[in-house]
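Going by numbering that gives the first Met the number 0, the first residue of the sequence shown is number 0, and it counts up by one from there.
Here a beta-carbon is modelled for each residue, glycine too, at the ideal position from N, C-alpha and C.
In this text, all values refer to a predicted model and were calculated from it rather than measured experimentally.
Beneath this line is the structure, given in structure tokens, with notes to follow.
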Amino acid sequence: MTQLPPHELSRLEAVAGPDRPLQSLIDRRIAGEPLQYIEGTAAFGPLELDVDPRVLVPRPETEGLFEIASKMMRNPKVIVDLCTGCGALALALKHRFPTASVFATEISEGAVEVAYGNRHKTGLDVYLAVGDLFDPLPAALLGEVDLVVSNPPYVSEADFHTLPRDVQREPKVALVSGPTGLEVIERIGSTVADWLRPGGVVVIEIGEFQGVAASSTFVGIPTVVRQDLAGRDRYVVGVKP
Ligand SMILES: C[S@@+](CC[C@H](N)C(=O)[O-])C[C@H]1O[C@@H](n2cnc3c(N)ncnc32)[C@H](O)[C@@H]1O
């Protein structure tokens, strides 16, 4: 019989109840459903956000992105989060910088519905829009943005099938960007300089073997690759001259 690790079992015990028998939750987890979908929530930085199968579960690596970006900012006025999913980065940054205007875009209507729910839940007033990367942003933001963050899809089609079974239960559009895995990063890197003000910062999450290739896609912005807590290349960071 498959056993759950004790920490997972105790988390399921905490959300079980008369309408949600513990054994049915255990069965769902053993069948490969992500733990956070069963719980219905995921911690992200200072926030507890609702998640369901319409969104990627926010990861500790993305909390690292949040910390890097936050430390580089002093009183930002305009922040953009591309590929916001459940709204994690946008909402956490609004929490950290309450006076900033935060704009978040997302291509999946289902994911944006989850982000709206999290906006309501947290009371953090971010602008959410459905659409492709920068497309839904007001043109007035061109050259005015202090910070662009994104955790885009960065897995290749071929690598998708090597992901753990529970990760493959998350939305494919959240994970896979195309044949190389770099497609969405390339599109961000080639246009982000148009949106940043001089001195503006971009921080993008990448796959651990994408540092050199991802950096080379940034046009008009010198970049460095930074590592996550496990020492793996994980972020491209740039400052517009
Ligand atoms: C890796 S998930 C990250 C979600 C969230 N930012 C987080 O860190 O938890 C990538 C998200 O990008 C969205 N997405 C994929 N392609 C996109 C595009 N071209 N424009 C906007 N969003 C996109 C997916 O639907 C998914 O929600």
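query                                                                                                               : result
Separation of Tyr234 from Val200, as counted between CA atoms                                                       : 13 Å
Nonlocal neighbours in the same chain, by C-beta distance under 6 Å from Gly109, ignoring five residues either side : Arg53
Runs of beta strand (DSSP E) lying entirely within the region 132 to 156, each at least 3 residues, in chain order  : 144 to 149
Distance, Glu47 Cα to Leu241 Cα                                                                                     : Look at the range of the chain in this structure, 0 to 240, and you will see that residue 241 is not part of it.
Ile203 in three-state terms, based on DSSP                                                                          : strand
Heavy atom of ligand 1 within 7 Å of Pro151 beta-carbon                                                             : yes
Cutoff 6 Å; reference Lys93; Cβ partners in own chain excluding five residues on either side                        : Val101, Leu123, Val125
Close-in-space but distant-in-sequence residues of the same chain around Ile67 (CB under 8 Å, 5 per side omitted)   : Val202, Arg225, Tyr234, Val236
Boundaries of the beta strand (DSSP E) in which Ala103 is found, first to last residue                              : 100 to 105
Whole-angstrom distance between Phe208 and Leu127, CA atom to CA atom                                               : 31 Å
Buried/exposed call for Gly206, threshold 16 Cβ in 10 Å                                                             : buried
Residue closest to Pro170, alpha-carbon to alpha-carbon, out of Phe43, Ala13, Val56, His6                           : Val56
Span separating the alpha-carbon of Val191 from that of Gly198                                                      : 13 Å
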